[in-house]
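Novice:
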Amino acid sequence: MHTTSLLSVGNTLDECIKCNICTSYCPVSEVTDKFHGPKYSGPQAERFRELGQVRSPDHSVDYCSGCRVCNEVCPTGVRIAEINARARAQIAADRGISLRNRLLGRNEMIGKLGSYVPALANLAMHNPISRILAEKVVGIARGAPLPRWHAETLNGWLARTGDRRLKSAQKVVYFHGCAIQYYEPFVAQAAIAVLEHNGYEVIVPPQNCCGLPMLSNGEFDAGERYHRGNVARLAGFARAGYAIVSSSPSCSLTLKEEAPELLDKHDEATLILKNATWDIFEWLRELADEGKLRTDFQPLTVDGRPMTLPYHAPCQYRAHRVGKPSLDVLRLIPGLDLRESHARCCGIAGTYGYKTEKFEIALEVGQDLFEYILAQGDVPYVACDTETCRWQIEVGTGVPNRHPIEFLAAAYGLYDLDKRRLKNEP
Amino acid sequence: MCAAYAAVKAGLDVRIVAKGQGATHWHAGTIDVLGYLPREDAPILTAFDAMNRLVQDGGEHPYAILGVDAVRAALDDFIVLSDEIRLPYRGSGEEGRNLRLPSPVGAARPLFLAPEAQLPGRLDSGQPMLVVGFEGFVGFYPKLMADNLCAQGHAARAAFLPLSLITTRRDFNNVWLAEIIEDDANLNRLAEALALLVRPGERIGLPAFLGFRHHEKVMDRLRQATGAPIFEIPILPPSVPGIRFHDRLARYLTHLGVRIEIGMEVIGFHAEGDQIRWVETATSARPLKHRARHFLLATGGILGGGIDSTAAGRVWETIFDLPLTNPQQRTHWFRPHFWDPAGQPVFQGGVRVDQSLQPVDASGNRIYANLWAAGGILAGTDPIQERSLEGIAVSTGMAAARKIMSKE
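Which chain is which? The protein sequence lines are A and B, in order. With this note's numbering applied, the first sequence covers 1 to 426. With this note's numbering applied, the second sequence covers 1001 to 1408.
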């Protein structure tokens, strides 16, 4: 019995049987001629690419959003999205990386800078003039969903509330990611409350950006530096037997597979971190399967009636290949009317939909999802796990977004969904 | 998926785990039950008669194991299923008899059930055909089809319309075209152009991309504008009729409570004694366990991925490493002639099963007490040569689900 797939990214291209199923499902090439589709830009163009060659034969691969619908439907297991990601890195090496893509890759740095003066940063970032400037000068679409800095970072909250955190023999490590640290620390607060409610002490060690924004923009060297930093800081916890859970499926995906695979890192420390990393709902589902998840849920209601909640599984789950663990766990909440969207992608695909030339494509890709959500009637919230997806869905539908962990924390009676803060917090 | 349908209808909790999308996406969207038998050139007119011969031969062909009545019952269930998903399939209207529908090059395809959109193409009807293609669409050549049909004595003529009637895009795919055609402006332009082309008394054949989710609207509008019967001609993959069927069935199964996990490759399993406890699928990190009381192996044959091989000649079943009847020496895989009427041994092999569709070893002993097999993985048949792929899939899938239920 073997435990991992024997096929590496490069070798899988020989498995392509040219059936075009990937192209039939690709949400991007369906709406634009700029991307010729996964089969042409992936396994077919790959035949004309050589490591280190000066010119890539196919620049349309830059329009691949990396949603991985192609990987999912491929009957023979070709890793099309990874082939495309490597091709983008080759283009970046060939043509250089724009200021815009460098900025989009550095959300940790931007988040940190803004967090010193969040109110000023929000003012500077969220006024029409700077959005127009950002669009004209840098190439970041003015309608794209930029987040707002939170008044207090996650680290600030952790330092302030350290004496109230649960101490326990059972411990779990939490990887927050940049967006949670600077923009949405309340998601981490909900996650920590859920984990503590189940008897786990939550360790939040120093960590840096997972590096995914750089990897998606072809900036492999910088992405590798970030990944090395996380391996150095977290592999020790993995070795000591702790699970490392993240509420951001894109960060956990990067630690598990994106970084090791794209960067060809297979050393012991990388692998032990990979195998100790979990999406938080994947981990909670395992707990539930073992009968260890607390089920003292209160029904979630709106005006006394059970809540209807549209849920969209982000593309990252498709890459995790763990099914839809948030759905599995949220189903345990009594009376919650969960409505799963079967739409392929919200369109944003990390930093893709922020780019001026891709903004419209991203909104068009998301149409199926937006229409689905709006067809569910007057719902208070929409749930999705990944940050930029949630923001995009809110832009596309006007329905406020929440992370599934916020609903779980609320069902435990620990969290105020409306105010997005823990109850019983001074 | 047919097994999942039968099992969930009977009250079982069902999960489908698949590496990717399967044969529905390549095939014509018809249910081919038995079109040819090895060593016989002539197509089969009455599928059930030929099936009876297989039963009498007493071989290990899946139809011989099931018997004609079980196959008939499964196909009847399939018709009910097709009605439930609002994509009705029908047969020739005569007991056990095959339909003959035109292939995209004008050859006759013997098959058993077809979606309503393909039925007006029947070759036993003498109604003249107008075969319409699109200039610039490389997947279908109406003149080739019409010429070949005429050479066989059918009344057919070809016509071209510009592809720009429906799209100005340079890149296209059958599924996108099916969706583009659903747009009212595009649909009306096409309908008006067809109305100008058609002559009284003709039926109109078009490449099979006549709508996806709103297929019925497209068919109705074209029929209404032309006053002629309209039929779809299956073309090169991806197959819109097949994907349309898959899409509706998958939604229906999900609605019934079946969990469909696509993109999950099984990489291992765990058994205790003769009981399989779980299978494991690859994820981004550690394997994911799927526990069940019963497991149905429906991974397909060599093309489907259920059977793999090395260049040296080893052939194996990819999940449980079950014994196969395929020749294990490369020199025994093929006969000297590509089109040998006896077929190629490597494609005829597969997993041998007992009367309950449970995999057995060479001496007929069950390998696992809670494992069943259905579809293209089964031994004793070359479904592509026989044109029996869907018939075997539907009948053994439905039958396996019943046999599993009898163990509950």
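Ideal Cβ positions, reconstructed from N, Cα and C, are used throughout, including at glycine.
Relative to chain B, which residues along the stretch 27–43 of chain A have a C-beta separation below 7 Å, given in chain order?
Specialist: Listed in sequence order: Ser29, Glu30, Asp33, His36, Gly37.
Novice: Chain B partners of A:Lys358, CB-CB under 8 Å?
Specialist: The residue labelled residue 358 of chain A in the question sits at position 358 within the first sequence. Neighbours of A:Lys358 on chain B: none; closest Cβ ~17 Å, over 8 Å.
Novice: Within 9 Å of any Cβ in chain A, is that where the Cβ of B:Met1001 sits?
Specialist: Residue mapping note: residue 1001 of chain B aligns to position 1 of the second sequence, counting from 1. Not closer than 9 Å to any Cβ of chain A, the Cβ of B:Met1001 fails to qualify, so no.
Novice: Thinking just about the alpha-carbon of each residue, which of B:Ala1006, B:Ala1225, B:Ser1309, B:Ile1235 is nearest to the one in B:Asn1326?
Specialist: Position 326 of the second sequence holds residue 1326 of chain B. Measuring from the Cα of B:Asn1326, the nearest candidate turns out to be B:Ser1309.
Novice: So, under 8 Å CB-CB, A:Val69 and A:Tyr25 are touching, yes? Tell me the CB distance rounded to an integer number of Å.
Specialist: Residue mapping note: residue 69 of chain A aligns to position 69 of the first sequence, counting from 1. Residue mapping note: residue 25 of chain A aligns to position 25 of the first sequence, counting from 1. Right, their Cβ atoms sit about 5 Å apart.
Novice: Excluding the 5 residues preceding and the 5 following A:His176 in the sequence, name in chain order all residues of the same chain whose CB lies nearer than 6 Å to its CB.
Specialist: Locating residue 176 of chain A in the first sequence gives position 176, counting from the first residue. Here the set comprises Leu154, Ala188.
Novice: So B:Gln1348 and B:Thr1381 are in contact, right, with Cβ under 8 Å, and what is the actual spacing, rounded?
Specialist: Position 348 of the second sequence holds residue 1348 of chain B. Position 381 of the second sequence holds residue 1381 of chain B. The Cβ separation is near 7 Å, so the contact holds.
Novice: Sort out for me which residues DSSP pairs A:Ala383 with in a bridge.
Specialist: As a working mapping, residue 383 of chain A is identified with position 383 in the first sequence. Looking at the DSSP assignment, A:Ala383 forms a beta bridge with A:Tyr311, A:Arg402.
Novice: Using a Cβ cut-off of 7 Å, which residues of the stretch 68–79 of chain A contact any Cβ in chain B, in chain order?
Specialist: Taking 7 Å as the Cβ-Cβ cut-off against chain B, the residues of the stretch 68–79 of chain A that qualify are Asn71, Glu72, Val73, Cys74, Pro75, Thr76, Gly77.
Novice: Using only alpha-carbon positions, find the residue among B:Ala1312, B:Ala1028, B:Asp1184, B:Ala1003 that is nearest to B:Val1017.
Specialist: Locating residue 1017 of chain B in the second sequence gives position 17, where the first residue counts as 1. Out of B:Ala1312, B:Ala1028, B:Asp1184, B:Ala1003, B:Ala1003 has the C-alpha closest to the C-alpha of B:Val1017.
Novice: Cβ closer than 8 Å: which chain B residues qualify as neighbours of A:Cys428?
Specialist: No answer is possible for residue 428 of chain A: it lies beyond the span of chain A, which begins at 1 and ends at 426.
Novice: Which residue marks the beginning of the beta strand (DSSP E) containing A:Ser341, and which one marks its end?
Specialist: For this step, residue 341 of chain A is matched to residue 341 along the first sequence. First-last of the beta strand (DSSP E) with A:Ser341: 337–341.
Novice: Within the stretch 1010–1065 of chain B, note down every full beta strand (DSSP E) run reaching 3 residues or more, in order along the chain.
Specialist: Segments of the beta strand (DSSP E) lying fully in the stretch 1010–1065 of chain B: 1015–1018.
Novice: Opposite B:Gln1275 in the DSSP bridges: which residues?
Specialist: For the purposes of this step, residue 1275 of chain B is taken as residue 275 along the second sequence, with counting starting at 1. BP columns for B:Gln1275 point to B:Glu1272.
Novice: What does the alpha-carbon distance come out to for the pair A:Thr3 and A:Cys346?
Specialist: In the first sequence, residue 3 of chain A corresponds to position 3, counting from 1. In the first sequence, residue 346 of chain A corresponds to position 346, counting from 1. Since pLDDT at A:Thr3 reaches only 31, below the 50 mark, its modelled position is unreliable, and no value is offered.
Novice: In three-state terms, what does DSSP make of B:Arg1330?
Specialist: Taking the first residue of the second sequence as position 1, residue 1330 of chain B is located at position 330. Three-state DSSP puts B:Arg1330 in a helix.
Novice: Is it right to say A:Gln427 is buried, meaning 16 or more other beta carbons lie within 10 angstroms of its own, or is it exposed?
Specialist: With chain A represented from 1 up to 426, any question about residue 427 of chain A goes unanswered, as that position is not in the structure.
Novice: When you compare the CB positions of A:His312 and A:Glu340, do they come within less than 9 Å of one another, or not?
Specialist: Here residue 312 of chain A corresponds to residue number 312 of the first sequence, with the count starting at 1. Here residue 340 of chain A corresponds to residue number 340 of the first sequence, with the count starting at 1. A contact, by the Cβ cut-off of 9 Å.
Novice: B:Pro1341 and B:Pro1110 - do their beta-carbons sit closer together than 9 Å?
Specialist: As a position in the second sequence, residue 1110 of chain B is number 110, starting the count at 1. As a position in the second sequence, residue 1341 of chain B is number 341, starting the count at 1. Not closer than 9 Å, so no.
Novice: From A:Leu7 to B:Ile1276, what distance separates their C-alpha atoms?
Specialist: Numbered from its first residue, the first sequence carries residue 7 of chain A at position 7. Numbered from its first residue, the second sequence carries residue 1276 of chain B at position 276. For A:Leu7, the pLDDT reaches just 42, beneath the cut-off of 50, and the residue's location in the model is therefore unreliable, although a value from the coordinates is still provided. If you take the alpha carbons of A:Leu7 and B:Ile1276, they lie about 26 Å apart.
Novice: On the DSSP bridge list, what partners appear for B:Trp1316?
Specialist: Reading the second sequence from its first residue, position 316 is the one you call residue 1316 of chain B. According to DSSP, B:Trp1316 bridges with B:Asp1308.
Novice: Kindly list the residues whose CB is nearer than 6 Å to the CB of B:Ala1073, restricted to its own chain and excluding five residues on each side of it in sequence; keep chain order.
Specialist: To locate residue 1073 of chain B, count along the second sequence from 1; it is residue 73. Excluding positions up to five away in sequence, the list is empty.
Novice: CB-CB under 7 Å to A:Val138, same chain, minus the five flanking residues each way: which ones, in chain order?
Specialist: Start at 1 with the first residue of the first sequence, and residue 138 of chain A comes out as number 138. Contacts found: Leu99, Arg100, Leu103.
Novice: The alpha helix (DSSP H) spanning A:Tyr226 covers which residue range?
Specialist: As a first step, residue 226 of chain A is located in the first sequence; it is residue number 226 there, counting from the start. 220–239 is the extent of the alpha helix (DSSP H) around A:Tyr226.
Novice: What first and last residue would you give for the alpha helix (DSSP H) that runs through A:Tyr470?
Specialist: Chain A is shown only over 1 to 426; residue 470 of chain A falls outside these bounds and no answer can be derived.
Novice: For the alpha helix (DSSP H) containing A:Leu154, list its first residue and its last residue.
Specialist: Reading the first sequence from its first residue, position 154 is the one you call residue 154 of chain A. Start and end: 154–161.
Novice: Interface residues of chain B around A:Lys256 at Cβ under 7 Å?
Specialist: Taking the first residue of the first sequence as position 1, residue 256 of chain A is located at position 256. Going along chain B in sequence order, the residues near A:Lys256 (Cβ under 7 Å) are Ser1284, Ala1285.
Novice: Pop quiz: A:Asn198 and A:Leu293 are said to be a contact at Cβ under 8 Å. What is the actual Cβ separation, rounded to whole angstroms?
Specialist: As a working note, residue 198 of chain A is residue 198 in the first sequence. As a working note, residue 293 of chain A is residue 293 in the first sequence. Right, the Cβ-Cβ distance comes to about 6 Å (below 8 Å), so this counts as a contact.
Novice: Cβ closer than 7 Å: which chain A residues qualify as neighbours of B:Asp1171?
Specialist: Looking up residue 1171 of chain B in the second sequence gives position 171. Under the 7 Å cutoff, chain A gives Ser29, Asp33, His36, Gly37.
Novice: In the DSSP output, which residue or residues are listed as bridge partners for B:Trp1372?
Specialist: Residue mapping note: residue 1372 of chain B aligns to position 372 of the second sequence, counting from 1. According to DSSP, which records beta bridges pairwise, B:Trp1372 is partnered with B:Leu1296.
Novice: Give the straight-line distance between the Cα atoms of A:Ala191 and A:Gly162, rounded to the nearest whole angstrom.
Specialist: Within the first sequence, the letter at position 191 stands for residue 191 of chain A. Within the first sequence, the letter at position 162 stands for residue 162 of chain A. One C-alpha to the other measures close to 15 Å.
Novice: Would you report the Cα separation of B:Pro1323 and B:Ala1298, rounded to the nearest angstrom?
Specialist: Counted from its first residue, the second sequence places residue 1323 of chain B at position 323. Counted from its first residue, the second sequence places residue 1298 of chain B at position 298. Their backbone Cα atoms lie some 15 Å apart in a straight line.
Novice: Using a Cβ-Cβ cut-off of 8 Å (strictly less than) and excluding sequence neighbours within five positions of A:Ile110, which residues of its own chain qualify?
Specialist: Taking the first residue of the first sequence as 1, we reach residue 110 of chain A at position 110. Around A:Ile110: Leu103.
Novice: May I have the straight-line CA-CA distance separating A:Gly366 from B:His1025, to the nearest angstrom?
Specialist: Here residue 366 of chain A refers to the residue found at position 366 when the first sequence is read from its first residue. Here residue 1025 of chain B refers to the residue found at position 25 when the second sequence is read from its first residue. So the alpha carbons of these two residues sit roughly 24 Å apart.
Novice: Could you tell me if A:Asn230 is buried or exposed, where buried requires 16 or more neighbouring beta carbons within 10 angstroms of its beta carbon?
Specialist: For the purposes of this step, residue 230 of chain A is taken as residue 230 along the first sequence, with counting starting at 1. With 16 or more other Cβ atoms within 10 Å, it is buried.
Novice: Quick one: does B:Asn1174 have its CB under 9 Å from some CB of chain A?
Specialist: Numbered from its first residue, the second sequence carries residue 1174 of chain B at position 174. Judged by the 9 Å Cβ criterion, B:Asn1174 is in contact with chain A.
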